[in-house]
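In this note's numbering, the protein residues as written are 1 to 288.
Just so it is clear, CB atoms sit at the ideal spot from N, CA and C, and this is done for glycine as well.
Computed from a predicted structure; not experimentally measured.
Worksheet: the structure to be examined is printed underneath.
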C-alpha cells in the first residue's frame, strides 16, 4: 500500500509518517515540496506518486492571523482540499482530510455530532468548513475527520508553549471557560490510518477521551511535567474568563465532539487525554 502525505512537515503529518503501517510505502511532501494551493502541482504530485491513499495534513492553522489574512486561509483551508480530493479520485486513490471543531459555533452544551448544523464564528472555522465542502463535492467518498486541540512533542502547540512559559514565569493566567478535548497527534494519526484502512467515508469525529478547559489542560501539564522532572519549581496558574483575554478570532466556548460512532468503528474509545499528555511529556523528556 502506497500513501501520499501532504503537509508532512506539520505535527499531524509527522505523526502520520511515524505511525504508518509496516507495509506502507510513504511519499511525504511538505510545503517546500508541493504547493497544495496550486491545482497543477497537486495533480502532478499525485500522478507521480500513484498512491492508493492520500492524506491532507496541510492547513492554515494560525487562527488569529487568519482574521487579517482571509484570502491566504481560504486558499489553503478552503480550495486546496478540493484540489487534492479531485486529483485523488481521478487517480483512483482514497482521500483523507483533517478538519476541526471550529466549524461549530460553540454555544451548545452537549457534544457535537458529525451531522449537527455547522456555524463557524471565525475565518479559520469558515475556511475549514469550505474545505470540507470542497473535498466532499470533488469526491463524495472522501473521509473527513474533525478533531480538536492537537498537540505533539514537536512543533508549535499549547503543550510546548506552556512548558516554555512555566520555565520562564512564576505566574500564568489561562482561560477557563473554553471547553474541549486535547488530542495527541499520534493518537489522531493512528485513528486516521485505521479509518482509512476500513474504507470509512463521510464525516467522522475523533479526539482523545475526556473533557477539559484550557486552564485544566495547563494545570495537568504543570503537574505531569513536574512529576517527570521537566519543571524544577512550582508555577501559579490562575483561571480567567475569555473576556479577560481578547483575541482577534472568536473561539468556541464549548467544542467537545461526539466520537461515539468513530470509536465504535475503531473498536473502542481513545485513551483519555491526560494519559496521552503523560506519553507526550515522557517523549519530550526522552528527547531532551
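Just grab the DSSP bridge partners of residue 2 for me.
Numbered from its first residue, the chain shown carries residue 2 at position 2. Partner(s): 25.
Buried/exposed call for residue 222, threshold 16 Cβ in 10 Å
Position 222 of the chain shown, counted from the first residue, corresponds to residue 222. Buried, since its Cβ has 16 or more Cβ neighbours within 10 Å.
Return the Cβ separation of residue 8 and residue 17 in integer angstroms, given the expectation that the two are a contact with Cβ distance under 8 Å.
Here residue 8 refers to the residue found at position 8 when the chain shown is read from its first residue. Here residue 17 refers to the residue found at position 17 when the chain shown is read from its first residue. About 6 Å; that satisfies the 8 Å criterion.
Please list the segments of the beta strand (DSSP E) lying wholly inside the region 29-87, counting only runs of 3 or more residues, in order along the chain.
53-56
Could you name the residues of the same chain whose beta carbon sits closer than 8 Å to that of residue 253, not counting the 5 residues immediately before and after it, in chain order?
To locate residue 253, count along the chain shown from 1; it is residue 253. Cβ neighbours of residue 253 beyond the five flanking positions: 106, 107, 177, 178, 179 and 242.
Rounded C-alpha distance that separates residue 168 from residue 174
As a working note, residue 168 is residue 168 in the chain shown. As a working note, residue 174 is residue 174 in the chain shown. Computed Cα separation, rounded: 16 Å.
Secondary structure, alpha helix (DSSP H): runs of 4+ residues fully inside the region 222-273
260-266
Whose C-alpha, out of 232, 147, 165 and 171, is nearest the C-alpha of residue 257?
What you label residue 257 is simply residue 257 of the chain shown in a count that begins at 1. Measuring from the Cα of residue 257, the nearest candidate turns out to be 147.
Check the Cβ-Cβ distances between residue 116 and every residue of chain C, and say whether any is below 7 Å.
Among the chains of the structure shown, chain C does not appear; only one protein chain is present.
Grouping DSSP H, G and I as helix and E and B as strand, with all else coil, what is residue 215?
Taking the first residue of the chain shown as 1, we reach residue 215 at position 215. Helix at residue 215.
Within 6 Å: the Cβ of residue 27 and any heavy atom of the ligand HEM?
As for the ligand HEM, it is missing from this structure, which has no ligand bound.
How many whole angstroms separate the CB atoms of residue 35 and residue 28, which I take to be in contact at a CB cut-off of 8 Å?
In the chain shown, the residue the question calls residue 35 occupies position 35. In the chain shown, the residue the question calls residue 28 occupies position 28. With a Cβ gap of about 16 Å, residue 35 and residue 28 do not count as contacting.
Would you say residue 196 and residue 96 are within 7 Å of each other, going by their C-beta atoms?
In the chain shown, residue 196 corresponds to position 196, counting from 1. In the chain shown, residue 96 corresponds to position 96, counting from 1. Yes, they are a contact pair.
Between which two residues does the beta strand (DSSP E) carrying residue 96 extend?
Counted from its first residue, the chain shown places residue 96 at position 96. 94-100 is the span of the beta strand (DSSP E), which, as asked, contains residue 96.
Nearest-angstrom Cα distance between residue 153 and residue 193?
Start at 1 with the first residue of the chain shown, and residue 153 comes out as number 153. Start at 1 with the first residue of the chain shown, and residue 193 comes out as number 193. Looking at the two C-alpha atoms, the distance is approximately 20 Å.
Starting from the Cα of residue 269, find the closest Cα among 208, 240 and 287 and give me that residue.
As a working note, residue 269 is residue 269 in the chain shown. For the residues 208, 240 and 287, the minimum Cα distance to residue 269 belongs to 208.
In angstroms with no decimal places, state the Cα-to-Cα distance between residue 293 and residue 109.
Since the first residue of the chain shown is 1 and the last is 288, residue 293 is not available in this structure.
Can you name the residues that DSSP bridges to residue 175?
In the chain shown, residue 175 corresponds to position 175, counting from 1. Residue 175 pairs with 240.
Roughly how many angstroms separate the alpha carbons of residue 244 and residue 214, rounded to a whole number?
By 1-based counting over the chain shown, the position of residue 244 is 244. By 1-based counting over the chain shown, the position of residue 214 is 214. In a straight line, the C-alpha of residue 244 is about 14 Å away from that of residue 214.
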